[in-house]
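Engineer: Heads up: the sequence shown runs through residues 63 to 1060, numbered per the working numbering.
Glycine is no exception: its CB is placed at the ideal position from the N, C-alpha and C atoms.
Note that this is a predicted model, so its numbers are computed, not measured.
Take a look at this one; I'll ask things after.
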Amino acid sequence: MSDKIIDIGLGWANKYISYGKNRQKLETCVKVLEYRASDVIRITRNVVLNSGKKRKREVEEWLKSVDNMVSKFVSLKEQAEQALLPRIQFAQRVDTMIKEIENLTQQSETFSSEGFLLDVDETEGLPLVVMEWRGPSFERNLHKIWAQLMNEEITTVGIYGMGGVGKTTLAKRIHNDLLNEISFSGHVYWVTASQEASIYKLQKDIARTIDLDISNEVDEMKRAAKLFRALERREKIVILVDDVWADFDVEKVGIPLKRIKLIVTSRSVDVCRKIGCQLAIKLTPLCEEEAWELFQVKLGRSYKVSSDLKSIAKSMARKCAGLPLAITTVAGSMKGVHDIFEWRDALDDLEQYSVGEDDKVFPILEYSYNRLRDQRLKDCFLTCSLYPEDCKIDRDELIMLFISEGLIEKRSRRADFDCGHTILNKLENVCLLEGGFNISGVKFVKMHDLIRDMALKITKTGKPRYMVKAGIGLKSVPEESEWKEDLDKVSLMDNNIELIPEGISPKCFKLSILILKNSGLSLIPDSFFAHLGVLKVLDLSSNRNLRELPYSISNLNKLKSLSLQFCFRLRFVPPLGNLKALRELDLFHTSVEDVPEGIERLVELRRLNIGHTGLRIIPDGKLSELRLLRSLIILEEVAVKELVELKHLEEFQGRFFQVDDFNQFVRSLQVLDHRVYNIKLAPDSEVSNKYVTFTYWKEISWYGTRRRVMLCEIGLGGQSTEVLLPEDIRQLELCHCYNMASCLSETFLQLKLIQSRGIINCQIDNCKEIKWIVKLTSSSTAAAGQGGEEGDDEEGQISPCSPLQSLEYLRLCSLPNFEGLFEWESAVAEATLPPQTFSCLKSLVIEACPSLTKLFTSRLLLRQLQNLEVISVVDCCGLEEIIIAEEESSDIDQCSQSRNNNVVDISLSKLTNLNLHTLPNLRCIYKGTLICDSIQRISIKCCSNLKRMPLSLPTVDGKLSPPPALKDIIISERLWESLEWDNPQSRSVLQPFVKFWY
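As structure tokens, then:
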């Protein structure tokens, strides 16, 4: 579809629509829509291939609508050419089509740069983080449930037991074991219920997990029917529903029990029975021996319990009543403690907590909380409970909340984030928080549901006092009587409230934090904030239908943080000049067209995000008054003289139109430490605006400390003004640049990038002059043979290849003349690259490079590219061969000779992903054999001329086996059946991993 959209129409501009007063306007609208669709496809393609994310359903539907619109335009054009329509009817159709196209274009503007894609960390195919320890009782229960899963007569299994006994851990282990079971070729889905679960919510969660969109259907029966049909079409499905508090009718949800296996966990055997579980397995607390073993494991394998401490430690383990969650938490609180006095003190504290019959685990969890001692740690821990149950909380987002409420205040923004991560690490280390990485590699934390319940129990009656109704499907705000005067924090995030009734005015005179993020709000009455005079943090972000803020916000003179990001329709913000305490203002992705009145008087402001707004200009003198500003994110051009006056600025994302302004700002960076930046140098043109808009970051992660520069439509050679780059640059992107050398390494010389050996990520897009990355000449070969510093030539000068020594990610896109990574002089056939060139390269992505015919030579792959983890080649119509085979005797220790010819076998020990898509002339991946024991995913699509799969399989106990890390092979059935293999048994060994693509 993408080819169709891109290929159609650019030539239409000078063709004909024979008449109609809006003919030219229609052609222009079609072009704009095509550009927009091309952008969406380009931006998402690489992420979809390599990250495990996928386009959101709304984006897929939008692309289909664009495709249909293009087809309608083609049809209208043909009818006009043949004069099949009367003039007036034709004009009417043109008018109608213009309106439809404008609607489609406007709809795409709601897509944020991060909003194209959907994380799939809760969908099929990803193992869940789970405790590794398995005691004998755990193994017995696991085998019992596994046997029932293999029993075709059993479709529903329940796991029940008291809180903290290990139900979720056991269910997670079943989930992961199913994923790893070669003989199981079906689908495994994980869904978390919760105390507030309903039929509607279960339907939504299951549908989201299987990638079914039922968001537009409100009728419960129709939703069930759609869900039923979708599940019925799939074979071998196991659904695990965790933490079920109330029974539900399986048929009303839309679960076809005859076609699937259902596993539920609950605290109640009655719930399991009413759901219809054919088998209900009770989990009981661990025996004393197992409890002690787990306690030791959680202390740490390297921790040796001395004889003096052993009796105390065993007493503490016994106090945990055999509950794994309690054991994990208590043992975690004693990690690294060796002093017997501390152990005795801890045991004495633990004995003060009485264990009741109903909630045995709560007192023990509360003990672990009280053991924190540090009040700031306690406050940060309790703040985590403001998020919905089972929420994976982005670490940086949580740290920004700590900063906003004043729990962290250091001398710099980087120090703030360092402190925040230290706090979260401590909470993870004592097992009060669970840590993990999402599919994009971003760190998160989450609270176990029982630990969150404990936190909410503390904040419901003690100090601080919270009201938390997050993610429970509220349709209206709580009654005014629920807004108690002594409330400190309120969270109503992730609900469907829409309207706050006129006249409601909570009298919460101590309320410091109010979170209404993603609560569905479209209107807030002026009365709502009348009695919230001490509010410090107000989060109204992600309320997409909120159009204006009430004037009463102007009176919140204690407010320190106001977050309005992703309020897409927000146009009006009242005057803010009275908010003298305000430190953070976030208007990212709103429709605000004017700088809020009084912003220059916010002299305490530390962070300002006005990226992706409706702002067209920042009046002179506004920013320079904000002298304490540490973080500035802005899309429109700002006067560089104002920026250089911001002496405390640590984080900047912005754009410059002129090279001189860009260079002046870069010079100011050189004398400052600890700066991170995302700067664009791009003129005010249609192409540049398109690239700048779609590659904007919401926030720079201090965890990754990014330093990024994009140059768009800039001349980099000849008579062009010299462009200066920061010496500490980490990421470089060149888009539509001109006057470039044919080799990228020579462009590095032009940019004086050779002085930086820290560049990690490089992306080149639509630069027509680029033909190669490195040009190897006799001089470069000689330089490579010198005995000096790595990458230095014979005169002591830094090699133009030096930036390639640290490069980890290289993406080459839409380079019409790109012929290969290396250009070889005919006289230097045995030339080698300077040492360490590409030695760090992990990911190579090449897209839409039609002149590329061959990618690697076997010799260079062995010598320079042994760290490659991802190879992705897409839409390169001229590519014939991935790796050119060469005889190579000097590298015999890294490879072996093929028995059939002199071609060497290549080992790519770190390669995890191989993606080959839309390569119509690809005949050969490699003539020899590839040994890739770390390979996880192979995806081959639209490569109809490929004849052979060169993958070598390992042998285990004399039998051919799949690569140990392999997860799936995505390929068409026709190609799979036609591929040739060196070993005829390879096809059958790999068959269980194949997922056919049509």
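Confirm, please, whether the CB-CB distance from Met-1011 to Glu-1032 is below 9 Å.
Structural biologist: Here residue 1032 refers to the residue found at position 970 when the sequence shown is read from its first residue. Here residue 1011 refers to the residue found at position 949 when the sequence shown is read from its first residue. Just to set this straight, residue 1032 is Ile in the shown sequence, not Glu. No, the Cβ-Cβ distance between Ile-1032 and Met-1011 is not below 9 Å.
Engineer: Look at the alpha carbon of Thr-521 and the alpha carbon of Met-529, and state the distance between them as a whole number of angstroms.
Structural biologist: Here residue 521 refers to the residue found at position 459 when the sequence shown is read from its first residue. Here residue 529 refers to the residue found at position 467 when the sequence shown is read from its first residue. Distance between the alpha carbons of Thr-521 and Met-529 is about 8 Å.
Engineer: How big is the Cα-Cα spacing for Ser-905 and Ile-299?
Structural biologist: For this step, residue 905 is matched to residue 843 along the sequence shown. For this step, residue 299 is matched to residue 237 along the sequence shown. Computed Cα separation, rounded: 34 Å.
Engineer: Return the chain-ordered list of same chain residues with a C-beta closer than 7 Å to the C-beta of Arg-406, the five sequence neighbours on each side being excluded.
Structural biologist: The residue labelled residue 406 in the question sits at position 344 within the sequence shown. So the list reads Ile-374, once near-sequence residues are dropped.
Engineer: What runs of the alpha helix (DSSP H), each 4 residues or longer, lie entirely inside the region 227-268?
Structural biologist: Whole alpha helix (DSSP H) segments, 4+ residues: 229-242.
Engineer: I need the straight-line Cα distance from Trp-354 to Ile-221, nearest angstrom please.
Structural biologist: Here residue 354 corresponds to residue number 292 of the sequence shown, with the count starting at 1. Here residue 221 corresponds to residue number 159 of the sequence shown, with the count starting at 1. Rounded to the nearest angstrom, the two C-alpha atoms are 24 Å apart.
Engineer: What number of angstroms, rounded off, separates the C-alpha of Arg-729 from the C-alpha of Ala-477?
Structural biologist: Indexing the sequence shown from 1 puts residue 729 at position 667. Indexing the sequence shown from 1 puts residue 477 at position 415. Whole-angstrom Cα-Cα distance: 24 Å.
Engineer: Are the beta-carbon atoms of Thr-1017 and Arg-999 separated by less than 9 Å?
Structural biologist: Position 955 of the sequence shown, counted from the start, is the residue given in the question as residue 1017. Position 937 of the sequence shown, counted from the start, is the residue given in the question as residue 999. No.
Engineer: Is the region 330-346 touching the region 258-276 in the sense that three or more CB pairs, one from each, lie closer than 8 Å?
Structural biologist: Result no; under three Cβ-Cβ pairs closer than 8 Å.
Engineer: In the structure shown, what three-state DSSP assignment does Cys-986 receive?
Structural biologist: Here residue 986 refers to the residue found at position 924 when the sequence shown is read from its first residue. Of the three classes helix, strand and coil, the one that applies to Cys-986 here is strand, per DSSP.
Engineer: Ser-603 and Cys-629: beta carbons closer than 9 Å?
Structural biologist: By 1-based counting over the sequence shown, the position of residue 603 is 541. By 1-based counting over the sequence shown, the position of residue 629 is 567. Yes.
Engineer: How would you call Glu-404, buried or exposed, if buried means at least 16 neighbouring beta carbons within 10 angstroms?
Structural biologist: Taking the sequence shown and counting its residues from 1, the one referred to as residue 404 is at position 342. So Glu-404 counts as exposed.
Engineer: Can you tell me whether Thr-484 is buried or exposed, with buried defined as 16 or more other CB within 10 angstroms of its CB?
Structural biologist: Residue numbering aside, residue 484 sits at position 422 when the sequence shown is read from its first letter. It counts as exposed.
Engineer: So which of Lys-314, Thr-391, Arg-737, Ser-913 has the shortest CA-CA distance to Leu-984?
Structural biologist: Taking the first residue of the sequence shown as position 1, residue 984 is located at position 922. Taking only the C-alpha atoms, the option nearest Leu-984 is Ser-913.
Engineer: Can you tell me the Cα-Cα spacing of Met-283 and Lys-314, whole angstroms?
Structural biologist: Here residue 283 corresponds to residue number 221 of the sequence shown, with the count starting at 1. Here residue 314 corresponds to residue number 252 of the sequence shown, with the count starting at 1. Going by the C-alpha atoms only, they are around 7 Å apart.
Engineer: So, is Phe-571 buried or exposed, given that buried needs 16 or more other C-beta atoms within 10 angstroms?
Structural biologist: Sequence index remark: in the sequence shown, residue 571 carries index 509 (1-based). Its Cβ having fewer than 16 others within 10 Å, Phe-571 is exposed.
Engineer: Applying the 10 Å Cβ sphere with the 16-neighbour rule, what's the burial state of Ile-402?
Structural biologist: The residue given as residue 402 occupies position 340 in the sequence shown. Answer is exposed; the Cβ neighbour count stays below 16.
Engineer: Given a cut-off of 9 Å, decide if Gly-248 and Lys-344 are closer than it, judged by their beta-carbon atoms.
Structural biologist: Translated into the one-based positions of the sequence shown, residue 344 becomes position 282. Translated into the one-based positions of the sequence shown, residue 248 becomes position 186. Their beta carbons are not under 9 Å apart, which means Lys-344 does not touch Gly-248 by this criterion.
Engineer: Tell whether a beta-carbon distance below 9 Å holds between Ile-236 and Ile-207.
Structural biologist: In the sequence shown, counting from the first residue as 1, residue 236 sits at position 174. In the sequence shown, counting from the first residue as 1, residue 207 sits at position 145. Closer than 9 Å, so yes.
Engineer: Entirely within the region 531-575 and at least 3 residues each: give me those beta strand (DSSP E) ranges in chain order.
Structural biologist: Those beta strand (DSSP E) runs which fall completely within the region 531-575 and span 3+ residues are 551-553.
Engineer: If we ignore side chains and look at the alpha-carbon of each, how far apart do Val-109 and Val-102 end up?
Structural biologist: For this step, residue 109 is matched to residue 47 along the sequence shown. For this step, residue 102 is matched to residue 40 along the sequence shown. The predicted model places Val-109 with a pLDDT of 47, which falls under 50 and marks its position as unreliable; any figure quoted below should be read in that light. So the alpha carbons of these two residues sit roughly 11 Å apart.
Engineer: Counting only the same chain and skipping the five closest in sequence on each side, list residues whose C-beta sits under 7 Å from that of Leu-371.
Structural biologist: Counting from 1 along the sequence shown, the entry for residue 371 is found at position 309. Cβ neighbours of Leu-371 beyond the five flanking positions: Ile-402, Trp-405.
Engineer: With DSSP as the reference, label Gly-394 as helix, strand or coil.
Structural biologist: Position 332 of the sequence shown, counting from 1, holds the residue named residue 394. Looking at Gly-394 - three-state DSSP - the assignment turns out to be helix.
Engineer: Would you call the region 499-513 and the region 207-219 in contact, with 3 or more CB pairs under 8 Å?
Structural biologist: No contact exists between the region 499-513 and the region 207-219.
Engineer: Would you mind sorting Ala-408 into buried or exposed? The rule is 16 or more other CB atoms within 10 Å of its CB.
Structural biologist: The residue given as residue 408 occupies position 346 in the sequence shown. Buried, because 16 or more other Cβ atoms sit within 10 Å of the Cβ of Ala-408.
Engineer: By the 10 Å Cβ neighbour count, where 16 or more other Cβ atoms means buried, how is Trp-307 classified, buried or exposed?
Structural biologist: The residue given as residue 307 occupies position 245 in the sequence shown. Result: exposed.
Engineer: Are the region 488-499 and the region 388-400 in contact at 8 Å, needing three or more beta carbon pairs?
Structural biologist: Verdict: yes, contact present.
Engineer: Would you identify the three-state DSSP class for Trp-354, choosing helix, strand or coil?
Structural biologist: The residue given as residue 354 occupies position 292 in the sequence shown. Three-state DSSP puts Trp-354 in a helix.
Engineer: Starting from Gln-926, trace the beta strand (DSSP E) both ways and give me its first and last residue.
Structural biologist: Counting from 1 along the sequence shown, the entry for residue 926 is found at position 864. Looking at the DSSP string, Gln-926 is not in any beta strand (DSSP E); the run it does join, the alpha helix (DSSP H), is 920-926.
Engineer: Do you know how far the Cα of Ile-672 is from the Cα of Gln-825?
Structural biologist: As a position in the sequence shown, residue 825 is number 763, starting the count at 1. As a position in the sequence shown, residue 672 is number 610, starting the count at 1. Between Gln-825 and Ile-672, the C-alpha separation is close to 26 Å.
Engineer: Quick check on this structure: which residue in Leu-927, Asp-682, Gly-225 has the alpha carbon closest to the alpha carbon of Gln-898?
Structural biologist: On the sequence shown, residue 898 is found 836 positions in, with the first residue counted as 1. For the residues Leu-927, Asp-682, Gly-225, the minimum Cα distance to Gln-898 belongs to Leu-927.
Engineer: If you run the structure through DSSP and keep just helix, strand and coil, what is Arg-689?
Structural biologist: As a working mapping, residue 689 is identified with position 627 in the sequence shown. The answer is coil: DSSP assigns Arg-689 none of H, G, I, E or B.
Engineer: Indicate whether the contact test is met: 3 or more Cβ pairs, each with one atom in the region 573-585 and one in the region 552-565, closer than 8 Å.
Structural biologist: Yes, since at least three Cβ pairs between the region 573-585 and the region 552-565 fall closer than 8 Å, the two stretches touch.
Engineer: Can you tell me where the beta strand (DSSP E) with His-979 in it begins and where it stops?
Structural biologist: In the sequence shown, the residue the question calls residue 979 occupies position 917. His-979 -> beta strand (DSSP E) spans 975-979.
Engineer: CA-CA distance, Leu-434 and Asp-267?
Structural biologist: On the sequence shown, position 372 is the one that residue 434 refers to. On the sequence shown, position 205 is the one that residue 267 refers to. Between Leu-434 and Asp-267, the C-alpha separation is close to 35 Å.
Engineer: With 16 as the cutoff for other CB atoms within 10 Å, does Ile-679 come out buried or exposed?
Structural biologist: Counting from 1 along the sequence shown, the entry for residue 679 is found at position 617. Ile-679 should be labelled exposed.
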